[in-house]
Amino acid sequence: MASVRTVKIAVIGDEGVGKTSLITAAATESFPDNPPPVLPPARLPPESTPENVPIVLIDTSSRVEDKQTLETAVLHSDVVVLVFSLDKPATLRRISTFWMPELQRLGVAVPIVLVASKSDVSSDQGLQQAVVPIMGRFKEIETCLECSAKKLTYVGEVFYYALKAVMHPTAPLFDPGAQEGQGALRPLCIKALKRIFLMCDTDKDGALSDEELNAFQIKCFSAPLQPEELVGVKRVVAEKMPQGVNATGLTLPGFLFLHALFIERGRLETTWAVLRKFGYNDSLTLSDAVLDQVSFQHAPDQVVELTEAGVQFFEHQFAYFDRNHDGLLSGQELEDMFSTSPSSPWSGAEYHNVLAETGGPSGWLTLPGYLAKWRYTTAVSPRTTLAYIYYLGSEANASEFFSISKPRKQERKDPAPRSVFQCHVFGAAGAGKTAVLEGLVAQPHPLKRPKAQRSMMAVGQVERKEGPPATLIMRELDEAATSKLLNASNRAEQLAAADVAAFVFDSSDPASFRTAQRLILEVAAASGDSLPCVFVAAKDDLGMSQDLVSECGAVCASLQLRQPLSISAKVGSPAAVYGELIGAALQPELFTPLTPSLKAARQYRRILRRALIYTAAGTVTAAAAYAVYRVYTARQASAESASTSGYSAADARAIGRDVGTSLAADLASGSSRTGGISSGSFSGGSGRSEAGGPGLSNRGLGIRPSDVGSSSSGGGGSSGSGSGSWLDVFKRS
Numbered sequence: 001m002a003s004v005r006t007v008k009i010a011v012i013g014d015e016g017v018g019k020t021s022l023i024t025a026a027a028t029e030s031f032p033d034n035p036p037p038v039l040p041p042a043r044l045p046p047e048s049t050p051e052n053v054p055i056v057l058i059d060t061s062s063r064v065e066d067k068q069t070l071e072t073a074v075l076h077s078d079v080v081v082l083v084f085s086l087d088k089p090a091t092l093r094r095i096s097t098f099w100m101p102e103l104q105r106l107g108v109a110v111p112i113v114l115v116a117s118k119s120d121v122s123s124d125q126g127l128q129q130a131v132v133p134i135m136g137r138f139k140e141i142e143t144c145l146e147c148s149a150k151k152l153t154y155v156g157e158v159f160y161y162a163l164k165a166v167m168h169p170t171a172p173l174f175d176p177g178a179q180e181g182q183g184a185l186r187p188l189c190i191k192a193l194k195r196i197f198l199m200c201d202t203d204k205d206g207a208l209s210d211e212e213l214n215a216f217q218i219k220c221f222s223a224p225l226q227p228e229e230l231v232g233v234k235r236v237v238a239e240k241m242p243q244g245v246n247a248t249g250l251t252l253p254g255f256l257f258l259h260a261l262f263i264e265r266g267r268l269e270t271t272w273a274v275l276r277k278f279g280y281n282d283s284l285t286l287s288d289a290v291l292d293q294v295s296f297q298h299a300p301d302q303v304v305e306l307t308e309a310g311v312q313f314f315e316h317q318f319a320y321f322d323r324n325h326d327g328l329l330s331g332q333e334l335e336d337m338f339s340t341s342p343s344s345p346w347s348g349a350e351y352h353n354v355l356a357e358t359g360g361p362s363g364w365l366t367l368p369g370y371l372a373k374w375r376y377t378t379a380v381s382p383r384t385t386l387a388y389i390y391y392l393g394s395e396a397n398a399s400e401f402f403s404i405s406k407p408r409k410q411e412r413k414d415p416a417p418r419s420v421f422q423c424h425v426f427g428a429a430g431a432g433k434t435a436v437l438e439g440l441v442a443q444p445h446p447l448k449r450p451k452a453q454r455s456m457m458a459v460g461q462v463e464r465k466e467g468p469p470a471t472l473i474m475r476e477l478d479e480a481a482t483s484k485l486l487n488a489s490n491r492a493e494q495l496a497a498a499d500v501a502a503f504v505f506d507s508s509d510p511a512s513f514r515t516a517q518r519l520i521l522e523v524a525a526a527s528g529d530s531l532p533c534v535f536v537a538a539k540d541d542l543g544m545s546q547d548l549v550s551e552c553g554a555v556c557a558s559l560q561l562r563q564p565l566s567i568s569a570k571v572g573s574p575a576a577v578y579g580e581l582i583g584a585a586l587q588p589e590l591f592t593p594l595t596p597s598l599k600a601a602r603q604y605r606r607i608l609r610r611a612l613i614y615t616a617a618g619t620v621t622a623a624a625a626y627a628v629y630r631v632y633t634a635r636q637a638s639a640e641s642a643s644t645s646g647y648s649a650a651d652a653r654a655i656g657r658d659v660g661t662s663l664a665a666d667l668a669s670g671s672s673r674t675g676g677i678s679s680g681s682f683s684g685g686s687g688r689s690e691a692g693g694p695g696l697s698n699r700g701l702g703i704r705p706s707d708v709g710s711s712s713s714g715g716g717g718s719s720g721s722g723s724g725s726w727l728d729v730f731k732r733s
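Read the sequence shown against UniProt numbering and you will find it ends at 733, with the numbers running on by one and no gaps.
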């Protein structure tokens with residue numbers, strides 16, 4: 001248990017068996033003459049243990065009034081030390097009659113170390129004969145030890161083995177009751193060790209040579225084996241298992257035997273060191289630390305796909321395990337393929353209803369069907385695909401085997417879109433949804449499935465009019481699944497995973513079509529009117545009545561959808577239908593139904609645009625009126641200035657035209673003003689006319705504080721107090 005930071009050890013047993021004395025002896029290396037009834041938790045520092053792990057020893061009382069405290073202690077412990085006394089035979093009997101049944105009742109699932117205390121007082125020569133049946137009955141018991149707290153004999157070993165039971169548990173690796181009590185490696189342990197053996201057999205000759213054994217030893221233990229050690233290892237294996245060694249080295253049976261020998265001799269840490277070096281956790285599956293190295297975070301409208309490297313990896317696996325080269329994977333060949341993994345990736349109930357292309361009289365997987373299953377697994381559970389890439393022996397950078405598609409809106413502008421498309425299939429019961437799915441995988445005969453198994457899925461390769469073939473995942477939703485989806489609070493997010501939706505109806509049944517019509521309105525609205533939708537007329541060989549043809553045409557016209565795609569399991573090839581579904585996914589604007597909600601949304605957008613246009617027009621009108629007003633006031637001011645300073649009326653009109661031109665330029669450039677007058681319009685004389693009048697910049701009239709509040713030798717300044725209107729400037733000049 002590599003992740004444990006502090007190991008909690010609960011010490012339990014009958015009253016008077018020596019629990020408190022045992023803990024005191026371990027913590028202080030002394031025997032207490034008058035121990036207290038119960039000790040508080042005792043902490044042993046990391047340096048006191050070979051594993052460098054801190055330990056907390058928890059003493060307990062067996063009194064009835066302390067039952068709740070005892071239960072809490074064992075339920076929160078990592079291992080239980082169950083003590084009985086050699087001088088009290090009744091305490092040994094109560095191990096099987098009370099303590100072990102009680103721990104099972106509480107659901108305690110941690111290792112248990114059985115301890116015979118007070119070996120200094122009494123030594124039971126028949127202890128082994130008495131304990132072996134108990135250990136055979138209760139597999140949770142890891143080992144049994146004798147000790148004496150008074151003599152300090154084997155006290156440290158008790159807690160060392162308790163710690164080992166946590167850090168290097170026996171139960172996941174070895175079944176001591178197997179093979180008529182001789183013991184044997186557990187199936188998951190065999191699978192894990194087989195994978196390690198095959199990964200270390202670099203030349204793939206079925207045996208580990210001396211060089212390969214040394215490389216294995218260095219990888220796991222950072223030290224090579226000496227030549228005499230290599231000879232000794234192979235000699236021990238050959239003596240016990242002749243088939244464990246051949247002319248080239250250590251075979252797989254020999255490798256497994258060697259680890260069984262380590263475990264039988266109490267060297268579990270050796271086998272666990274090997275397993276953890278190759279990424280295994282205590283459950284003998286690949287650890288999170290291994291699988292977390294590749295991130296699959298993505299939005300609902302994105303999909304995880306296999307890259308070309310990923311496809312080639314699985315193609316190689318197919319070719320390697322297709323022993324008879326018939327282009328099919330039989331049940332036995334699939335079993336061989338996954339013999340190094342905990343189980344088949346498709347053994348779970350969620351994969352039982354997934355259809356893929358099969359061939360031959362026995363319905364074995366073809367290469368396209370095999371690859372389609374992996375593409376489906378990658379789309380719905382990419383972490384599972386990653387784990388099996390490792391289980392199948394890959395040591396490459398697995399991130400190169402995966403890619404994540406772009407968000408759908410961004411991807412639709414990409415000339416190379418995703419290669420995996422998902423289609424939800426809706427329709428009334430009996431409309432022909434299952435037949436549509438079967439057609440995708442070229443299923444030769446209708447499937448017989450349990451009545452309880454309502455919804456199916458199918459995954460297959462589809463040829464496209466343009467571009468490489470694509471993978472289509474079709475998910476059938478029956479009435480119950482559809483209702484659950486439409487009533488879910490996250491229905492829009494769930495529907496975002498679909499690239500297109502197919503609404504299937506029986507072409508001979510008007511009621512079936514009306515159900516499809518109702519569903520298309522409900523599903524489209526639930527998706528936010530963003531999901532491409534297609535009507536599919538199933539059972540086309542039965543023919544469609546003229547009334548239904550007219551009704552169907554009217555509905556498609558009102559929704560601005562194309563006429564239904566026709567499909568029949570009996571007539572013609574349905575391949576074109578699946579290509580059309582992918583085409584709809586790539587051109588959503590042509591296949592999004594004009595539902596009432598979409599009409600309302602478009603009407604709202606039109607009103608909003610119209611309001612913005614009117615607002616903009618009003619703003620322009622107001623600006624124009626303001627410009628006219630400014631021209632008028634400028635002309636009045638110019639006329640007054642001309643009459644007082646000798647300007648002619650023509651000069652005043654010229655100034656007015658300049659002002660109007662300036663204002664128009666301002667409006668065109670969008671410059672911002674306060675009260676229509678900008679600061680800094682006068683240029684301190686540099687913009688004066690040849691006649692010596694005030695200069696006009698092309699930004700309009702205005703004054704700077706320096707023009708008013710300071711004296712200048714130039715002709716445009718004022719020596720006044722700095723206050724006054726812009727008309728005063730003309731008067732002063």
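Even for Gly, the Cβ is constructed at its ideal location relative to N, Cα and C.
8 Å contact criterion, which residue i and residue j should meet: CB distance rounded
i: SER117; j: VAL83; result: 5 Å
i: ALA215; j: CYS200; result: 7 Å
i: LYS252; j: PHE197; result: Per the sequence presented here, residue 252 reads as Leu, with Lys not at that position. Contact holds; Cβ gap of about 5 Å.
i: residue 769; j: PHE296; result: Here the chain has residues from 1 to 733 only, and residue 769 is not among them.
i: ALA13; j: THR91; result: Reading off the sequence, residue 13 comes out as Gly, not Ala. That pair is a contact at about 7 Å.
i: PHE257; j: GLY244; result: 5 Å
i: VAL500; j: CYS552; result: Not confirmed; about 19 Å, so no contact.
i: ALA511; j: ILE582; result: Contact flag wrong, Cβ pair sits at about 30 Å.
Local Cβ density within 10 Å of residue i, reported as buried at 16 or more and exposed below that
i: TYR626; result: exposed
i: GLY254; result: buried
i: GLU29; result: exposed
i: GLU580; result: buried
i: SER21; result: buried
i: VAL659; result: Because the pLDDT at VAL659 is just 44, under 50, the model does not fix this residue reliably, and the value given afterwards should be weighed accordingly. When all chains shown are included, VAL659 counts as buried.
i: residue 751; result: This structure gives no information on residue 751, because the portion of the chain shown stretches from 1 to 733.
i: GLY467; result: exposed
i: HIS352; result: exposed
i: ALA634; result: buried
Residue i versus residue j - alpha carbon distance
i: LYS240; j: LYS139; result: 27 Å
i: LYS19; j: ASP282; result: 29 Å
i: ILE9; j: GLU350; result: 40 Å
i: SER399; j: LEU306; result: 10 Å
i: GLN587; j: CYS533; result: 11 Å
i: THR69; j: ALA42; result: 16 Å
i: VAL155; j: SER77; result: 20 Å
i: GLN317; j: GLY183; result: 34 Å
i: THR378; j: PHE503; result: 26 Å
i: VAL236; j: PRO242; result: 10 Å
i: GLN393; j: ASP203; result: As written in the sequence, residue 393 is Gly, which differs from the Gln given in the question. Roughly 14 Å separates the two Cα atoms.
i: ALA372; j: ALA356; result: 7 Å
i: LEU540; j: PRO564; result: Reading the sequence as shown, one finds Asp at residue 540 and not Leu. Spanning the two alpha carbons is a distance of roughly 11 Å.
i: GLU264; j: GLY177; result: 12 Å
i: VAL549; j: ARG610; result: 39 Å
i: PHE421; j: ASP205; result: 42 Å
Residues sharing a beta bridge with residue i, DSSP
i: TYR280; result: LEU286
i: HIS424; result: ARG475, ALA501
i: ASN246; result: GLY249
i: LEU213; result: Its beta-bridge partners do not exist; DSSP assigns none.
i: MET457; result: VAL354, ARG475
i: VAL304; result: ILE404
i: THR143; result: VAL113
i: ALA537; result: PHE505, SER566
Closer than 8 Å to chain D by CB, residue i
i: VAL108; result: Within the model displayed, chain D is absent; a lone protein chain is all it includes.
Legend entry - the stretch 368 to 375 in contact with the stretch 459 to 472 per 3-pair CB rule at 8 Å: yes
Inset, instruction - Take every Cβ of the stretch 480 to 489, pair it with every Cβ of the stretch 402 to 422, and state whether three or more of those distances are shorter than 8 Å. - result: no
Inset, instruction - Tell me, please, whether the stretch 89 to 96 touches the stretch 59 to 68 by the rule of three or more beta-carbon pairs shorter than 8 Å. - result: no
Inset, instruction - Would you check if the stretch 321 to 335 and the stretch 270 to 279 touch, i.e. whether three or more CB-CB distances between them fall below 8 Å? - result: Cβ pair count under 8 Å is below three, so no.
Legend entry - Touch test, the stretch 134 to 151 against the stretch 164 to 171, Cβ-Cβ under 8 Å, three pairs minimum: yes
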